[in-house]
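This report concerns only the one structure given below.
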Amino acid sequence: MKRFLIASVSCLALAGFARAEDVRVGIEMGFTGPIESLTPPMAQAAELAMKEVSDSGLFLNGAKVVPVRGDETCIDAGAATATAERLVTSDQVSGIIGPTCSGAASAVLTNVAIPNGMVLISPSATSPGLSTIDSKGLFFRTAPSDAREGEILAQIMMERGVKSAAISYTNNDYGKGIASSIQAAFEKQGGKITLSAPHEDGKSDYSAEVGALASAGGDAIVVAGYADQGGAGVVQTVLDTGAFSRFVFPNGMWGESLIAKFGNQIDGAFGDLPGSDDSGAAKLLEMTTAAGINGSATFVPETYDATAIMLLAMQAAGSAKPADYKGKIMDVVNAPGEKIYPGELAKALQILKDGGDVDYVGGSSVEFIGKGESAGSYREVEVENGAMKTVKFH
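FYI, the numbering for the sequence shown is -20 to -1, 1 to 374, going by mature numbering (1 follows the signal peptide of the UniProt record, and there is no 0).
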């Protein structure tokens, strides 16, 4: 009898261990390439949410979340696809936070996620074109579409007295999408786009591109690129030639490297990036600061939220299998349910474990619409005395 009891206890312990198997989650971001200065705090934010969930002891009967990083490069669809394939097949992740860039997201969604039934939640892929892909319920994003950003940025430009502008955009899915959205919204509000032209990343000389834009003229130049690549080259050439006196930057340009490179040379530059003044944003900033993370960096709240949403959906489904939890993602983000803010993931896990409902608000006041993308709020920012300053929220 004693042997039987010992064997039974051992079997139960082993069964419990099996139920609490580690859950691996991929973090696929542009760790090299044109947004390499943006992604480190984003990845840290994802890992912060994972640690919070693991430390609670409440996730899927005590399972731990293990982050697995992968480099998408942002601009190489082949590399992004290969990285995603490795995450799915070799690393056996249960979901992927990312990709960060729109072109990479489209490639990974089409070539890897849909064929393998893998869930992607991107914190920063903003191209409107992603909304047109039939993702089979596998793709979500916590950053709002550029269609929405175009409306907000056009409004800010008009409010600041910019009646005409030239646009220089990076020649990829993100650049084309945001440039088109800005132009449509700006012209709808009575503004004039004198010229909208692409620039290629990785060049050493942008004088021809800036020369054409200067000939077209305008009250300002909108640089829809990347601060670690061609966008910075265009800005430098404008400064060198005096082609324009005002800069407008959408979300892709607002990184630490922009301020580090140009400082007070671009005082007066303005633009927007996703952001909220909700209490959740303040709480997350406090948490990230305590963890040594730059919580005010672009897309940090959206990344923490993307990760939290994925893990809460797993908890709601009682499973880390994408086929099981993908249908729970909209449920944990939207009403009804108890509102959940950063630092309250243990509380949310307990509610879900007990069969209750949560309405995840997070650090970006996220609410999913349509097929699963953020309705979106924005932070208007400007450069003053060589530093980025928040003006107001939209």
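All C-beta atoms in this analysis are idealised placements derived from N, C-alpha and C, irrespective of residue type, glycine included.
Since residue i sits in a beta bridge, which residues does DSSP pair it with?
| i | result |
| --- | --- |
| Ser354 | Phe348 |
| Tyr340 | Ile320 |
| Phe39 | Answer is none; Phe39 lacks a bridge partner. |
| Glu362 | Phe250 and Lys369 |
| Val92 | For Val92, which the question treats as bridged, DSSP gives no partner whatsoever. |
| Ile76 | Gly6 and Leu100 |
Do you know whose CA, among the options, lies nearest residue i's CA?
| i | options | result |
| --- | --- | --- |
| Gly75 | Gly248, Ala277, Val88 and Tyr149 | Val88 |
| Asn41 | Gly10, Ala286 and Asp334 | Asp334 |
| residue 379 | Gly251, Phe224 and Ala207 | One cannot answer for residue 379 here, as it falls past the ends of the chain, which runs -20 to 374. |
| Ser17 | Val218, Asn274 and Glu180 | Asn274 |
| Thr122 | Gly336, Gly78, Ala192 and Gly205 | Gly78 |
| residue 458 | Val215, Val346 and Asp252 | Here the chain has residues from -20 to 374 only, and residue 458 is not among them. |
| Ile101 | Ala315, Glu353, Gly255 and Ala297 | Glu353 |
| Ser344 | Glu324, Gly255, Gln209 and Phe166 | Gly255 |
| Val68 | Asn91, Ser115, Ile289 and Ile55 | Asn91 |
| Ile289 | Ala277, Ile320 and Phe279 | Ile320 |
| Val73 | Asn96, Asp56 and Ser82 | Asn96 |
| Gly47 | Ala367, Met22 and Phe229 | Here the sequence assigns Pro to residue 47, which means Gly is not the residue at that position. Ranking the options by Cα distance to Pro47, first place goes to Met22. |
| Asn314 | Ala134, Asp285 and Ile136 | Asp285 |
| Phe373 | Val363, Glu362, Ala367 and Ser357 | Ser357 |
| Ser187 | Ala200, Gly198, Glu167 and Gly211 | Gly211 |
| Ala200 | Leu332, Ser160, Ser82 and Ile246 | Ile246 |
| Ile331 | Ala296, Cys54 and Gly157 | Ala296 |
| Ala367 | Met137, Ala64 and Phe250 | Phe250 |
| Val202 | His179, Ala262 and Ala271 | His179 |
| Ala(-1) | Glu32, Glu8 and Phe39 | Phe39 |
| Ala62 | Thr80, Ala84 and Leu28 | Ala84 |
| Ser82 | Val361, Ala159, Tyr154 and Gly350 | Tyr154 |
| Ile309 | Ala25, Glu27, Val341 and Gly198 | Val341 |
| Thr287 | Ala29, Gln24, Tyr149 and Phe11 | Ala29 |
Which residue marks the beginning of the beta strand (DSSP E) containing residue i, and which one marks its end?
| i | result |
| --- | --- |
| Leu175 | Lys172 to His179 |
| Val99 | Here Val99 belongs to no beta strand (DSSP E), and DSSP marks it neither H nor E. |
| Ala204 | Ala200 to Ala204 |
| Lys319 | Glu318 to Ile320 |
| Asp51 | Val45 to Asp51 |
| Phe242 | Taken as a continuous stretch (DSSP letters only), Phe242 belongs to no beta strand (DSSP E), being part of the alpha helix (DSSP H) at Glu236 to Phe242. |
| Phe119 | Phe119 to Arg121 |
Looking at the structure shown, is residue i part of a helix, part of a strand, or coil, going by DSSP?
| i | result |
| --- | --- |
| Ala165 | helix |
| Tyr284 | helix |
| Met9 | strand |
| Ser148 | strand |
| Val218 | helix |
| Thr112 | helix |
| Gly251 | strand |
| Ser70 | coil |
| Ala(-8) | Only weak support exists for where Ala(-8) lies, its pLDDT of 43 falling under 50; the value from the coordinates is given anyway. Looking at Ala(-8) - three-state DSSP - the assignment turns out to be helix. |
| Phe227 | strand |
| Arg(-2) | At Arg(-2), the pLDDT of 48 sits below 50, so the modelled position is not reliable and the matter cannot be decided from this model. |
| Lys(-19) | Bear in mind that the predicted position of Lys(-19) carries a pLDDT of just 40, short of 50, making it unreliable; the figure below should be weighed with that in mind. Three-state DSSP puts Lys(-19) in a helix. |
| Ala(-14) | No answer about Ala(-14) holds up, because its pLDDT of 45 lies below 50 and its placement is not dependable. |
| Ile273 | coil |
| Val33 | helix |
| Leu325 | helix |
| Thr268 | helix |
| Asp258 | coil |
| Glu65 | helix |
| Pro20 | helix |
| Lys183 | coil |
| residue 375 | There is no way to answer for residue 375, as the model of the chain reaches only from -20 to 374. |
| Lys333 | helix |
| Gly298 | coil |
| Ala87 | helix |
| Ala59 | helix |
| Ala105 | coil |
| Lys143 | coil |
| Ile15 | coil |
How is the alpha helix (DSSP H) around residue i delimited, first residue to last?
| i | result |
| --- | --- |
| Ala303 | Pro302 to Tyr305 |
| Met368 | Not the alpha helix (DSSP H): Met368 falls in the beta strand (DSSP E), residues Ala367 to Phe373. |
| Arg128 | Asp126 to Glu139 |
| Asp311 | Ile309 to Val313 |
| Gln209 | From DSSP, Gln209 is part of no alpha helix (DSSP H); its letter is neither H nor E. |
| Glu189 | Ser187 to Ala196 |
Cβ pair count under 8 Å reaching 3, the region 4 to 19 against the region 223 to 235: Using a Cβ-Cβ distance cut-off of 8 Å, the region 4 to 19 and the region 223 to 235 are in contact, since at least three pairs of beta carbons, one from each stretch, lie closer than that value.
Mind the definition here: the region 105 to 113 touches the region 256 to 267 only if three or more C-beta pairs lie below 8 Å; say whether that holds. Inter-segment contact for the region 105 to 113 and the region 256 to 267 is absent: fewer than three beta-carbon pairs are separated by less than 8 Å.
Spell out a yes or no on whether the region 132 to 151 and the region 162 to 173 are touching, meaning 3 or more CB-CB pairs, one atom from each, closer than 8 Å. Cβ pair count under 8 Å is three or more, so yes.
Under 8 Å: do the region 124 to 141 and the region 219 to 233 share three or more Cβ pairs, one atom per stretch? The region 124 to 141 vs the region 219 to 233: in contact.
Assess contact between the region 155 to 169 and the region 184 to 198, defined as three or more Cβ pairs (one per stretch) separated by less than 8 Å. Is contact present? Touching, no.
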